[in-house]
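Each residue of the sequence shown is one higher than the last, beginning at 1 in this note's numbering. Heads up, the beta-carbon is just placed ideally off N, CA and C, and yes, glycines get one too. Okay, so here's the structure we're looking at.
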Amino acid sequence: MTVETMDPVEVFAAGEKGRGLRVTKELSAGDVVFAEASFAAVVFDSLSLQVCHSCFRRQPNPHRCAQCKFAHYCDRTCQRAAWDEHKQECSAIRKIGKAPNENVRLAARIMWRIKKDTGLVSDAQLTTLDLLEDHLSKMTPEDLKELKVDVQHFYSYWPKKSKVVGEDYVSHIFGVINCNGFTLCDQRGLQAVGVGLFPNLCLVNHDCWPNCTVILNHGIQTALDASFHSKRRIELRALGKISEGEELTVSYVDFLNVSKDRQRLLKQQYYFDCKCEHCTNGIKDDLMTAGREGQKPSAEVLKEVTDFSLQALVKIEEARTKGDFHEVIKICRECLQKQDPVFGDTNLHLLRVLSPASEVLSFLQQFDEASGYARRMVEGYAKLYHPNNAQLGMAIMRAGVTHWHAGQIEEGHGLICRAYAILLITHGAHHPITKDLEAMRTQTEMELRLFKQNEYVYHSMREAVLSNKPMSVAGEQVQIKATS
Ligand SMILES: [Zn+2]
Ligand SMILES: [Zn+2]
Ligand SMILES: [Zn+2]
């Protein structure tokens, strides 16, 4: 599939942003603008033993490739589906005795794919790869040094008998991976597990308040459609009405940063100065830094609590990494006590503490306290995020589950319905997470009916269920580690 023939979009010159994509017909919320399989993708080094190298699912007992002993799969079906893209890699790994890092593995997969598909520069997809921005000229000396090391590793990995590839081209591919590599999550969107390249998606420019979202959807896994689910397919979906001729945009960074922080992140990683409307006018910056309404805290107090919060967040992260969840809760409670009289309910420092507090308390099955924090967090998010933002939808879903587990069935069901409405747009009705949410919506609706008929019966039933079942979201154990 090439962009030139892809309905309903076309490539155009988007001024100083370079090339961009725009629509040739009007689109509505939830429309799939296009779907695209990865050109190449690899599992992160850190997860290479736990995630299937074909379908990118986490696996407790994966099946290992007997030859390279590096690649792991769900089963023979996944292994067979992946053999075509693994076979050259497999012999290269055997030859040097050890798999190189994920960047080098991805670059090599891209090269093998280019060779296999064409061997020529005439193919439309390849032309697209050649034309993709590498930003080599804008990289800092340190970044360039790192890139050169990867290039060297590439040459010791790349088979001697394979076609010779020039150093400039190899550097170009590493530059492209650096600024266009797309992080792939597992099926449930809970954990980042790998990185891939989607050439058509690379043409979609950034806006902090975008009109589209990207979602990974491999489809439901069954033995029958192994070739489909191993394709690592993304969908670009419209978040609202997009008029004919309008440019398509996605956000490369989380909106929940004040504009100067977003601009700094974008400059660091993608080498451009964001001039989107939200950055230019600092839209919502006031909400993200808001003091508590009616309190008018002095500048000194604001600064003191801000500094305290920043230090607390570092400690929370440390305790979380160590798995010391009781310490996480202790620091969160302490910090919230300081923040509550000073910060408004949309202040980012406050939201950044509410998030681990509710997550970790849920994990520890302290659902009452967790649900209170979760509720405050999503109400804050809802005032900041685009109403159809995918992260907002996921956060509301988790808050709904927490309320449900806390026995607050009315609130739980309400939140789950709210999340479902957002995910129908951002993920689509056929995505595994949306399907899980739909099941939860039906279940909570039934429980709510029971609750309204007889509260006592409802509570005893719920306790019986909770006492012999660990907390799970969407059928999987809750992930306590951050997903980014
Ligand atoms: Zn698999
Ligand atoms: Zn192998
Ligand atoms: Zn911006």
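Could you pull out every residue in the same chain whose Cβ sits closer than 7 Å to the Cβ of residue i, ignoring the five residues on either side in sequence?
i, result
"lysine 17", "Asn205"
"glycine 407", "His459, Arg462"
"threonine 213", "Arg237, Leu239, Val250, Ala390, Thr426"
"cysteine 208", "Ser251, Phe255, Arg262, Cys274, Cys276, His278, Cys279"
"lysine 315", "Ile331"
"asparagine 180", "Leu132, Leu197, Cys202"
"isoleucine 177", "Asn103, Leu106, Ala107, Leu197"
"alanine 14", "Gly20, Asn205, Glu247"
"threonine 444", "Trp404, Ile409, Gly412, His413, Ile416"
"lysine 163", "Lys115"
For the beta strand (DSSP E) containing residue i, name the first residue and the last one.
i, result
"arginine 19", "19–23"
"alanine 41", "40–43"
"phenylalanine 34", "32–37"
"phenylalanine 12", "9–13"
Whose C-alpha, out of the options, is nearest the C-alpha of residue i?
i, options, result
"glycine 380", "Ala395, Gly323, Gln337", "Ala395"
"lysine 383", "Cys52, His427, Phe255, Arg333", "Phe255"
"cysteine 52", "Ser460, Cys332, Leu184, Glu247", "Leu184"
"leucine 216", "Ala14, Ala390, Glu411", "Ala390"
"glycine 412", "Val176, Met397, Glu247, Pro356", "Met397"
"leucine 239", "Leu450, Gly428, Gly15, Ser46", "Gly428"
"isoleucine 234", "Glu36, Glu133, Ala14, Asp168", "Glu36"
"aspartate 31", "Ser38, Thr444, Ala81, His430", "His430"
"proline 60", "Leu136, Ile114, Cys74", "Cys74"
"lysine 330", "Leu313, Gly166, Phe343, Cys78", "Leu313"
"glutamate 146", "Pro159, Gly175, Leu132, Ser156", "Gly175"
"leucine 350", "Asp286, Phe325, Cys335, Phe363", "Cys335"
"alanine 82", "Ala99, Lys95, Arg109", "Arg109"
"isoleucine 93", "Arg375, Glu318, Cys65, Val193", "Cys65"
"glutamate 293", "Ala439, Asp345, Glu359", "Asp345"
"valine 378", "Gly291, Glu359, Leu364, Glu10", "Glu359"
"lysine 303", "Phe343, Arg418, Lys98", "Phe343"
"methionine 139", "Gln268, Ala374, Arg375", "Gln268"
"lysine 98", "Trp112, Arg113, Ala71", "Ala71"
Which value, in whole angstroms, describes the spacing of the CA atoms of residue i and residue j?
i, j, result
"arginine 441", "isoleucine 416", "6 Å"
"valine 33", "arginine 19", "18 Å"
"glycine 400", "phenylalanine 56", "27 Å"
"phenylalanine 12", "glutamate 247", "9 Å"
"serine 38", "phenylalanine 182", "9 Å"
"aspartate 134", "tyrosine 271", "10 Å"
"valine 23", "isoleucine 242", "8 Å"
"leucine 540", "leucine 450", "The structure shown does not extend to residue 540, since the chain is modelled only from 1 to 484, so the question has no answer here."
"alanine 357", "asparagine 103", "34 Å"
"cysteine 202", "leucine 132", "7 Å"
"tryptophan 158", "asparagine 200", "26 Å"
"glutamine 295", "proline 341", "8 Å"
"leucine 266", "valine 253", "7 Å"
"leucine 49", "histidine 63", "9 Å"
"glutamine 191", "valine 149", "28 Å"
"asparagine 454", "histidine 403", "19 Å"
"glycine 393", "alanine 29", "15 Å"
"arginine 320", "valine 328", "6 Å"
"arginine 232", "serine 137", "31 Å"
"aspartate 130", "serine 467", "58 Å"
"leucine 287", "glutamate 410", "29 Å"
"isoleucine 422", "arginine 352", "22 Å"
"glycine 166", "threonine 306", "51 Å"
"glycine 189", "phenylalanine 325", "23 Å"
Give me, in chain order, the residues of the same chain whose beta-carbon lies closer than 6 Å to that of residue i; leave out the 5 immediate sequence neighbours on both sides.
i, result
"cysteine 90", "Gln67, Cys68"
"lysine 25", "Pro8, Glu244"
"glutamate 369", "Leu361"
"valine 170", "Val151, Phe154"
"leucine 448", "Ile409, His413"
"leucine 27", "Ala238, Ile242"
Can you tell me where the alpha helix (DSSP H) with residue i in it begins and where it stops?
i, result
"valine 253", "Segment: none, valine 253 is in no alpha helix (DSSP H) and carries neither H nor E."
"alanine 399", "390–405"
"glutamate 293", "Neither: glutamate 293 is in no alpha helix (DSSP H) and is coded neither H nor E."
"valine 149", "141–157"
"valine 378", "367–384"
"histidine 326", "325–339"
"histidine 278", "277–280"
"proline 356", "348–363"
"serine 91", "76–96"
Is residue i close to ligand 4? I mean its beta-carbon at under 7 Å from any heavy atom of the ligand.
i, result
"serine 54", "Ligand 4 is not part of this structure, which contains only ligand 1, ligand 2 and ligand 3."
For residue i, I'd like the list of residues in its chain whose CB is within less than 8 Å of its CB, leaving aside the five on either flank, ordered along the chain.
i, result
"threonine 289", "Val258, Asn347, Leu348"
"asparagine 101", "Asp45, Asp150, His153"
Secondary structure, alpha helix (DSSP H): runs of 4+ residues fully inside the segment 173–245:
199–202, 226–229
What alpha helix (DSSP H) runs, 4 residues minimum, are completely inside the segment 411–480?
432–453, 455–467
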